[in-house]
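Input: a single structure, listed below in structure tokens.
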Amino acid sequence: MMKSLRLLRNSSVGLAIIGGFALCSLSGGLMTQARAAETPAAAKAFEAAAVHAAPGLQCMLVAPGTEASKGIPVATDDDGYARFHAVKGAAEHLSLDCKDASGKASSFAVDLASTETFAPHPLDLAKEKGVDRPALQGDPQSFSQSELIERGYGLRPDRTKNPEAYERWLMAATKSGRMLEAKHPDLHSHGPTSQQAPWWVGSVLTGEADYPVVEAVWNVPQAIPGGDATTTTEVAVWNGLGGFGTGSGLIQDGINLYTTSSAASYGSWREYCCGDPNSNGYGGNFTPNPGDQIYSEAWYCDSKGNADIKGGYGCTYLQDLSTGAVFSCTSATGSPCWSVKALPLCSASPGTAGCMTLGKAAEFIIENQSPQVSGSSTAFTDFAGKLTMAGSAESTKTNQLSQTVGNDPAVHVLTDFTKTTSHIVVTLDAPDKTIFWMEPTQPSFPLYCQGPMKTSSSLEPQTQFKWAKDGAGAAAPGKGECAWADRGPREGEVKSGGVNVIYGFLNQLADLPDGKFAEIGVYRDPNVDNDLVVTQIVGFVAPPFSPKPVLP
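Here our numbering = 1-based position in the sequence shown + 45.
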């Protein structure tokens, strides 16, 4: 049974005890299992789509009039197809803007009203450049760890001391796979965190450090286009070691999901964070699909891939159990993916930029990357159903994959910090599962503000303001004031002393300058004394303002 459970958030935490384990949710009340099973309703859905372009291209899928840098990243496979997901008929045309390895540009029309765009074009891994990795035959115990790593089977857990981890590994090893030669760039950082807030939700083990190895299996979620009023969003799903509480030495691998209201792309990646030039610039080599099962391992290793927290390298292994794609980065001379040479340890060279502290945590995470892809979005990608991540970590105290969310002495449950339209609930389930699902949306309304306003740099940013007397449609708010669109504040909205608070990340509107006007979407939260919570960043605006529907 879990010895302690640290809830690193202090507002409206619902706590249930199921099977002897504390299940945490941030929901303004008690989260029931019936509510947990809900799936957000959606009027539209993503469908598999493909456009024939040319092999080996790195592309951006963009809407008309949109900069290429604001599009969705998509890579073409060796058969020349760009594969992504889109809403049929959502827009008449998109554009696939691409570059080849030499930088030569090309562009391809994407007609979302065409049945051909959504015609089946399944990827044949056998025809993609790569090396077959056959299903493991015979007695798995007859092979050494070095032989298994070299042949593309990752690290073998002890079958007697952690049978769950062993079964997850065996499930992956006994499926035939193919190690692809493709090299897709990783466009965004998956950085470390020192505390609960930005940008992770999930679970973290810290009670039996050091942790040299972590493993997990999880399902790829089905994104909902425009769900919970989201626009452009990105999340990364991963497990890893280090980073939490130290800000360095984070070895991790996983998948990412990038969406707009009309299209989505999925990818894979690995990273030894942060600033390590041996890691940067290389993402993954396969594209997962919604519903696929992903098996992941990350470990500190030597140059040959043997697990060793003092070995000077970081190794990762990622396998799509549904398609057979294998992304193995376990040797310093590996190709197409190499293990990453670590930067100097902070204990030995504290003055070295980017020095690393290793193994103080093991993580099972969904990371919010939306602010990296959109100036107006702080939301997690909305998805249907549950994402269940089952996994464990090795401790140097046991030398086995013995630690889980069910038995580690210190398990940190990282809850959703965004307070926006989409909201992830995180729970734990015995013996080794971290479970994520989306709560229904909160309705939001337009708020107009004029600087100067100061936004705190705390883990949960706060921006103080005063209410304007009238609605913004009647008169622009004064300096340091905010107003609903068509009315002034009502009783219960104005705080004692006249100072109110906006909770949440304001992105480019943070520290609003004197004389500048901003429009944001907010909702009034009774759980924080009727203060306002950010749901959308509209941007800088200028009066006069037209009245819009606001709170009843």
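Think of the CB as a built atom: it goes at the ideal place given N, C-alpha and C, for glycine as much as any other residue.
Kindly examine the ligand MN and report whether one of its heavy atoms sits closer than 6 Å to the Cβ of residue i.
{"i": "residue 587", "result": "No copy of the ligand MN occurs in the structure displayed, which carries no ligand at all."}
Would you identify the three-state DSSP class for residue i, choosing helix, strand or coil?
{"i": "residue 413", "result": "strand"}
{"i": "residue 555", "result": "coil"}
{"i": "residue 311", "result": "strand"}
{"i": "residue 428", "result": "strand"}
{"i": "residue 461", "result": "coil"}
{"i": "residue 270", "result": "coil"}
{"i": "residue 182", "result": "coil"}
{"i": "residue 571", "result": "helix"}
{"i": "residue 542", "result": "helix"}
{"i": "residue 28", "result": "The structure shown does not extend to residue 28, since the chain is modelled only from 46 through 597, so no value can be given for it."}
{"i": "residue 158", "result": "coil"}
{"i": "residue 69", "result": "Unreliable positioning characterises residue 69 in this predicted model, as indicated by a pLDDT of 31, which lies under 50. The coordinate reading is nonetheless provided below. If DSSP states are grouped into helix, strand and coil, residue 69 belongs with the strands."}
Hey, how far is the Cα of residue i from the Cα of residue j?
{"i": "residue 301", "j": "residue 432", "result": "13 Å"}
{"i": "residue 241", "j": "residue 374", "result": "Low local confidence applies: a pLDDT of 44 at residue 241 is under 50, so the model's placement there is unreliable, with the coordinate-based value given in what follows. Those two C-alpha atoms are separated by around 29 Å."}
{"i": "residue 198", "j": "residue 251", "result": "28 Å"}
{"i": "residue 318", "j": "residue 260", "result": "18 Å"}
{"i": "residue 315", "j": "residue 324", "result": "8 Å"}
{"i": "residue 106", "j": "residue 377", "result": "34 Å"}
{"i": "residue 571", "j": "residue 119", "result": "42 Å"}
{"i": "residue 452", "j": "residue 444", "result": "15 Å"}
{"i": "residue 526", "j": "residue 490", "result": "17 Å"}
{"i": "residue 239", "j": "residue 488", "result": "Low confidence applies here, because residue 239 scores a pLDDT of 39, under 50, leaving its location unreliable and the question unanswered by this model."}
{"i": "residue 550", "j": "residue 287", "result": "26 Å"}
{"i": "residue 334", "j": "residue 268", "result": "11 Å"}
{"i": "residue 565", "j": "residue 438", "result": "42 Å"}
{"i": "residue 95", "j": "residue 307", "result": "14 Å"}
{"i": "residue 379", "j": "residue 435", "result": "28 Å"}
{"i": "residue 533", "j": "residue 517", "result": "8 Å"}
{"i": "residue 558", "j": "residue 569", "result": "24 Å"}
{"i": "residue 149", "j": "residue 163", "result": "27 Å"}
{"i": "residue 542", "j": "residue 492", "result": "21 Å"}
{"i": "residue 352", "j": "residue 346", "result": "4 Å"}
{"i": "residue 265", "j": "residue 588", "result": "45 Å"}
{"i": "residue 176", "j": "residue 349", "result": "19 Å"}
{"i": "residue 81", "j": "residue 332", "result": "Unreliable placement is indicated for residue 81, whose pLDDT of 33 sits below 50; no coordinate value is reported for it."}
{"i": "residue 137", "j": "residue 158", "result": "6 Å"}
{"i": "residue 424", "j": "residue 192", "result": "44 Å"}
Report the residue from the options whose alpha carbon sits nearest the alpha carbon of residue i.
{"i": "residue 208", "options": "144, 525, 477", "result": "477"}
{"i": "residue 292", "options": "280, 245, 299", "result": "245"}
{"i": "residue 440", "options": "466, 406, 470, 417", "result": "406"}
{"i": "residue 355", "options": "371, 390, 423", "result": "390"}
{"i": "residue 305", "options": "283, 272, 322, 329", "result": "272"}
{"i": "residue 173", "options": "157, 126, 103", "result": "126"}
{"i": "residue 89", "options": "429, 560, 542", "result": "429"}
{"i": "residue 358", "options": "426, 367, 258, 155", "result": "258"}
{"i": "residue 602", "options": "371, 408, 555", "result": "Outside the displayed range of the chain (46 to 597) lies residue 602, so it cannot be described from this structure."}
{"i": "residue 220", "options": "256, 266, 340", "result": "340"}
{"i": "residue 496", "options": "524, 508, 517", "result": "524"}
{"i": "residue 147", "options": "102, 155, 153", "result": "102"}
{"i": "residue 471", "options": "249, 165, 583, 204", "result": "249"}
{"i": "residue 140", "options": "160, 558, 115", "result": "115"}
{"i": "residue 575", "options": "556, 536, 586", "result": "536"}
{"i": "residue 100", "options": "117, 92, 123", "result": "123"}
{"i": "residue 401", "options": "418, 321, 344", "result": "321"}
Residues bridged to residue i by DSSP?
{"i": "residue 100", "result": "Beta-bridge pairing links residue 100 to no other residue."}
{"i": "residue 582", "result": "565"}
{"i": "residue 437", "result": "260"}
{"i": "residue 130", "result": "93, 309"}
{"i": "residue 172", "result": "Residue 172 pairs with nothing; no bridge assigned."}
{"i": "residue 450", "result": "None; residue 450 has no bridge partner."}
{"i": "residue 278", "result": "304"}
{"i": "residue 370", "result": "223"}
Which residues mark the beginning and the end of the beta strand (DSSP E) in which residue i is found?
{"i": "residue 208", "result": "Note, residue 208: premise wrong, no beta strand (DSSP E); alpha helix (DSSP H) at 208-218."}
{"i": "residue 323", "result": "That residue, residue 323, is in no beta strand (DSSP E); it is neither H nor E in DSSP."}
{"i": "residue 498", "result": "Careful: residue 498 lies outside any beta strand (DSSP E) and carries neither H nor E."}
{"i": "residue 223", "result": "222-225"}
{"i": "residue 507", "result": "507-512"}
{"i": "residue 598", "result": "The displayed coordinates of the chain run from 46 to 597. Any statement about residue 598 would go beyond what the structure contains."}
{"i": "residue 599", "result": "Residue 599 lies beyond the range of the chain shown here (46 to 597); nothing can be said about it."}
{"i": "residue 534", "result": "Taken as a continuous stretch (DSSP letters only), residue 534 belongs to no beta strand (DSSP E), as it is neither H nor E."}
{"i": "residue 200", "result": "No beta strand (DSSP E) holds residue 200; DSSP gives it neither H nor E."}
{"i": "residue 120", "result": "117-120"}
{"i": "residue 247", "result": "245-250"}
{"i": "residue 470", "result": "468-474"}
{"i": "residue 140", "result": "139-144"}
{"i": "residue 478", "result": "478-484"}
Over the uninterrupted alpha helix (DSSP H) stretch that includes residue i, give me the two end residues.
{"i": "residue 190", "result": "190-195"}
Please tell me whether residue i has its Cβ less than 7 Å away from any Cβ of chain B.
{"i": "residue 318", "result": "Any reference to chain B falls outside this structure, which holds one protein chain only."}
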